[in-house]
Amino acid sequence: MISAVLPTYNRAPIAFVSGEGSWLTAEDGSRYLDLGAGIAVNALGHANPALVQVLTQQAAKLWHVSNLYRIPEQERLAEKLVEATFADTVFFTNSGTEAAELAIKMVRKYWSEQGQPDRIEILCFEGAFHGRSTGAIAAAGSEKMVKGFGPLMPGFRQLPFGDHAALRAAISDRTAAVMIEPIQGEGGIRVLPDVCLKGLRDACDQVGALLVFDEVQCGMGRTGKLFAHEWAGIEPDIMMVAKGIGGGFPLGAVLATEKAGACMVAGSHGSTYGGNPLGCAVGAKVMEIVSDPAFLAEVGRKAALFRQKLEGLVAAHPAVFEEVRGAGLMLGLKCRAPNTDVVKAAYAQHLLTVPAADNVLRLLPALNIPDEDIAEAALRLDRAAGALGADAA
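Each residue of the sequence shown is one higher than the one before, starting from 1 at the first, in our numbering.
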């Protein structure tokens, strides 16, 4: 008999009832150190006092009114994002998947308005993850995500990750856009080097294609800059954002230049809940905190500390770990042991991690994780690896 909750997840047998900072409390009262942060969602930890205060204040005033009317909270958050980024305009969604759908629509609408409605091909990359909608899975193209859901939306072509020759051969004046994550999350914490991001910008400019960045997981301060592409000193035309932008509240956005976004006029897109007062009030507070240069500098310092400890774990447990990957506090441990075994061994140490492709263990802690919690996390990972090593012996 099927469960009341559609069984699309292989859930761990743990349920949490409360959280504070980087810690979660389970039903039995036991405490877990959270290195997943809801898969990079709880950017400021659980029950962050500043976010709780804003949420409570806004909840007492107004939750939802519909985009049929002006929403001042939405306008304030949009202005913060425009001021801090390449973007001239913002559309708010509830999730990264919805942001991906709008980005795809925006690319197609842009070329239709340019008199080239057949210019629809978007170049994507193997290992990518852009969400679970039919458009997003067509963009990623992996068998695991697309099997059984055909026919898929046409117009996507997947290239090998990091293969410059393949990109040069594929991109042409028929290419509508290139869509890529500056750091692949689900794909195994694979960082695209800055020189490659610059090369993508140049390649798009040469043929007039739009450049679309998916910063749903790697954005919002995760790498020590507000958005990961800033390290390369280039800008996209369109960018998808979600996860950390709401600090745990469902919120996403598509940021765009005036050139790319002007095609989306009244009636061309919409969202019932997107940009609601509650979500945008929280998002504005997250932006205020995360965009502060001092906060971002602390992310960089914490990331260096954590990475140093992880490198020590790799050296101490070569049968379990192979290398450290990632940037900022978007880190991964490439495993020699099955990463699912490492996840389970970490559960035994009351430590939460997230598996990814390429046998990688993702470590995505709250951006404000205290130094002592970083030290404790390393200690628990060391114990988990030690237990796995003992089992293998």
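No residue lacks a Cβ here, since even glycine has one placed at the ideal position from N, Cα and C. This structure is a prediction, so every number in the text was calculated from the model and none was measured.
Beta-carbon proximity check, residue i vs residue j, cutoff 9 Å
i, j, result
"Glu27", "His46", "no"
"Thr223", "Leu329", "yes"
"Val178", "Leu123", "yes"
"Leu255", "Val282", "no"
"Asp88", "Thr257", "yes"
"Leu310", "Leu331", "yes"
"Phe249", "Leu51", "yes"
"Ala37", "Ala253", "no"
Distance, residue j Cα to residue i Cα
i, j, result
"Val342", "Ala377", "14 Å"
"Pro277", "Arg336", "46 Å"
"Glu372", "Lys302", "11 Å"
"Thr97", "Leu364", "20 Å"
"Leu167", "Val216", "23 Å"
"Met287", "Lys243", "13 Å"
"Lys225", "Gln58", "28 Å"
"Phe129", "Pro338", "21 Å"
"Gly261", "Val107", "9 Å"
"Gln74", "Ala169", "42 Å"
"Ala345", "Val320", "11 Å"
"Phe86", "Ser22", "32 Å"
"Ala203", "Gln116", "19 Å"
"Val41", "Ala228", "16 Å"
"Ala43", "Ala387", "30 Å"
"Phe125", "Ser112", "24 Å"
"Ala438", "Arg132", "Absent from the structure is residue 438, since the part of the chain shown begins at 1 and ends at 393."
"Asp163", "Glu322", "23 Å"
"Ala357", "Asp205", "32 Å"
"Arg70", "Glu298", "36 Å"
"Leu6", "Asp173", "44 Å"
"Trp137", "Tyr110", "First, the residue type needs correcting, since residue 137 is Ile and not Trp in the sequence shown. Between Ile137 and Tyr110, the C-alpha separation is close to 22 Å."
"Glu143", "Gly127", "11 Å"
"Ile234", "Arg201", "7 Å"
"Ala232", "Gln114", "29 Å"
"Asn359", "Lys334", "6 Å"
"Ala304", "Leu192", "19 Å"
"Val146", "Ala60", "43 Å"
"Ala84", "Glu230", "11 Å"
"Gly389", "Val265", "59 Å"
Per-residue DSSP class, three states only, for residue i
i, result
"Gln57", "helix"
"Arg301", "helix"
"Trp23", "strand"
"Thr353", "coil"
"Ala393", "Model confidence at Ala393 stands at a pLDDT of 48, short of 50, so the residue's coordinates are unreliable and nothing is read from them."
"Arg157", "strand"
"Arg383", "helix"
"Glu322", "strand"
"Gly162", "coil"
"Ile122", "strand"
"Thr223", "coil"
"Ser411", "Beyond the ends of the chain as shown, which are 1 and 393, falls residue 411; an answer cannot be given."
"Ala232", "helix"
"Leu285", "The sequence shown places Lys at residue 285, not Leu. Lys285 falls in the helix class under three-state DSSP."
"Phe213", "strand"
"Ser18", "strand"
"Asp194", "helix"
"Lys144", "helix"
Minimum C-alpha distance to residue i - residue among the options
i, options, result
"Leu197", "Arg380, Asp214, Leu379", "Asp214"
"Pro13", "Ala256, Tyr347, Leu192", "Tyr347"
"Leu35", "Ala319, Phe306, Ala170", "Phe306"
"Arg362", "Ile369, Thr340, Gly279", "Thr340"
"Gly155", "Lys225, Val52, Ile120", "Ile120"
"Asn10", "Ala262, Pro355, Gly386, Glu323", "Pro355"
"His269", "Thr93, Gly221, Gly233, His164", "Thr93"
"Ser18", "Tyr32, Phe295, Leu6, Ala315", "Tyr32"
"Phe91", "Gly275, Ala327, Val360, Val314", "Gly275"
"Ile39", "Glu311, Ala253, Gly247", "Gly247"
"Pro182", "Phe161, Ala170, His317, Ala165", "Phe161"
"Ala284", "Gln114, Glu298, Met220, His229", "Met220"
"Arg157", "Ala139, Ile245, Phe321, Gly148", "Ala139"
"Gln308", "Leu200, Ser133, Ala375", "Ala375"
"Pro49", "Gly188, Asn368, Ser3, Ala387", "Asn368"
"Gly326", "Leu68, Gly188, Gly29", "Gly188"
"Ala384", "Val324, Ala316, Arg201", "Ala316"
"Pro72", "Gly279, Gly185, Met145, Met264", "Gly279"
Distance cut-off 8 Å: residue i Cβ against heavy atoms of the ligand NAP
i, result
"Val299", "Looking at this structure, you won't find the ligand NAP or any other ligand, since it has none at all."
Stretch pair the stretch 63-70 + the stretch 206-226: three plus CB contacts closer than 8 Å: no
The stretch 103-118 / the stretch 228-243 touching (three or more Cβ pairs under 8 Å): yes
Three-pair Cβ contact test at 8 Å for the stretch 348-357 versus the stretch 375-389: yes
Inter-stretch contact at 8 Å, needing at least 3 Cβ pairs: the stretch 71-81 / the stretch 283-301: yes
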